[in-house]
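Reviewing the structure listed below.
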Amino acid sequence: MSGAEELIDALNGTFGHHAGYRASHAKGFSVRGRFIPASGGGEAQIPLLQSEQQVVARFSVGGGKPAISDKSPTVRGIGLEIGQNAEKWAMALISNPVFFANSAEQFKAFLAARVADPATGAPDPAKVKAFNDANPNTVPHQAYLKSVAPCRCYSAEQYHSGHAYHFGTSEGVLAARILLEPEGGRHGLTDEEKKDLPDDFLYDRLLRELSNRPARWTLKLVVANDADDISDPTVPWDGVHGELILGTVQIELPDDRAESVAKVFDPSHLPEGVAEPHDNVFALRSPAYAVSVARRSS
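Final position of the sequence shown in our numbering is 298; the numbers increase by one with none missing.
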């Protein structure tokens, strides 16, 4: 069995295997729009982003359960593809600034600790605590989810890469994490909304917003400072950071085209001017996505 298969087995072991759905971020829907370059083309030397490009994206709720509540305290995600054909940039971004694991073994152990106890239907708190105590680097991810209310709409969420990519600029190569910053700022659900909203509200709420105007985010790079760890996506970055604005991601319409619904947002598809992260998680993603795709129809 390959390492990628073991990762998907870990997801299926925690959330179940649901034919036709992704092993992770099973609940979601596709949209489309366009990328609008920053005035002057931005400081990063990425030829793809020097002109307007088509965008296909998929919003999702974290986890492998297709019927998960839109109010659940887990991450929200956006799979984003800018451009088309050979020259494109695919991203898989989440609402949490950091990941929950920095290796394949930690990924599997994190999920194993959260397999539901048949007697209670919920994870065993003692197993979760034991894992956290043994893996303190995973706690910032969990702490963020406990302290920040789920978004009130996909358009009111920030999305982060976790990984630190490498970019060419006029000043040389720099390391930076990717951030999608919503035009109207981030807004979480109120206590009243958590109580009153149905479990499936995110799709309808975004479509209502899109019927009035597009949803927009600023696509930017958060540049690592000298103290930042650029090889561990579980580690939060502290202190002052420079930012480079790449442009605007504008989502305009829902997208139910078959090729969009089935699209895999594999972040190994990088354009000229962007180099892959140097961490232990990034290399796991592409082969794991391939296994997940193969299992959707089984």
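Glycine included, each C-beta is placed from N, C-alpha and C at the ideal position.
Helix, strand or coil for residue i per DSSP?
i: Ala-101; result: coil
i: Leu-202; result: helix
i: Ser-69; result: coil
i: Leu-219; result: strand
i: Ala-130; result: helix
i: Arg-152; result: coil
i: Pro-140; result: helix
i: Pro-182; result: strand
i: Gln-106; result: helix
i: Ile-230; result: coil
i: Thr-248; result: strand
i: Tyr-289; result: helix
i: Ile-78; result: strand
i: Thr-190; result: coil
i: Lys-263; result: coil
i: Arg-177; result: strand
i: Leu-93; result: strand
i: Ser-24; result: coil
i: Ser-297; result: coil
i: Gly-3; result: helix
i: Leu-210; result: helix
i: Gly-13; result: helix
i: Leu-111; result: helix
i: Leu-270; result: coil
Rounded C-beta distance between residue i and residue j? I'm assuming under 8 Å.
i: Leu-179; j: His-160; result: 6 Å
i: Gly-239; j: Ala-227; result: 6 Å
i: Tyr-21; j: Arg-296; result: 7 Å
i: Ser-211; j: Glu-43; result: Between Glu-43 and Ser-211 the Cβ distance is about 35 Å, and since that is not below 8 Å, they are no contact.
i: Gly-64; j: Gly-16; result: 7 Å
i: Thr-234; j: Pro-140; result: 7 Å
With DSSP as the reference, identify every bridge partner of residue i, one or two as the case may be.
i: Gln-53; result: Phe-35
i: Ser-30; result: Arg-58
i: Pro-123; result: Ala-116
i: Thr-169; result: Ala-44, Gly-172
i: His-160; result: Ile-94, Leu-179
i: Ala-275; result: His-166
Taking buried to mean at least 16 other C-beta atoms within 10 Å of its own C-beta, is residue i buried or exposed?
i: Gly-184; result: exposed
i: Val-173; result: exposed
i: Asn-96; result: buried
i: Arg-208; result: exposed
i: Arg-58; result: buried
i: Asp-279; result: buried
i: Leu-253; result: exposed
i: Gln-53; result: buried
i: Arg-213; result: exposed
i: Leu-84; result: Note on residue identity: the sequence assigns Gln, not Leu, to residue 84. Flag for Gln-84 reads exposed.
i: Lys-146; result: exposed
i: Asp-191; result: exposed
i: His-129; result: First, the amino acid is wrong: residue 129 is Lys here, not His. Label assigned to Lys-129: exposed.
i: Asp-255; result: buried
Report the rounded CA-to-CA distance for residue i versus residue j, giving the unit in angstroms.
i: Val-261; j: Tyr-154; result: 17 Å
i: Tyr-144; j: Ala-122; result: 20 Å
i: Tyr-289; j: Val-222; result: 26 Å
i: Ala-101; j: Glu-87; result: 30 Å
i: Ser-24; j: Leu-202; result: 18 Å
i: Asp-200; j: Lys-71; result: 8 Å
i: Thr-218; j: Ala-38; result: 9 Å
i: Ala-224; j: Tyr-165; result: 10 Å
i: Ile-94; j: Gly-77; result: 4 Å
i: Ala-19; j: Asn-12; result: 11 Å
i: Pro-271; j: Pro-47; result: 8 Å
i: Trp-237; j: Asp-229; result: 7 Å
i: Gln-158; j: Arg-186; result: 6 Å
i: Ala-175; j: Gly-62; result: 27 Å
i: Ala-92; j: Val-264; result: 10 Å
i: Lys-332; j: His-163; result: Only positions 1 to 298 of the chain appear in the structure, and residue 332 is not among them; the question remains open.
i: Thr-14; j: Gln-142; result: 17 Å
i: Gly-3; j: Ala-104; result: 8 Å
Would residue i pass as an interface residue toward chain B - the criterion being a Cβ-Cβ separation below 8 Å?
i: Cys-153; result: The structure shown contains no chain B, having only a single protein chain.
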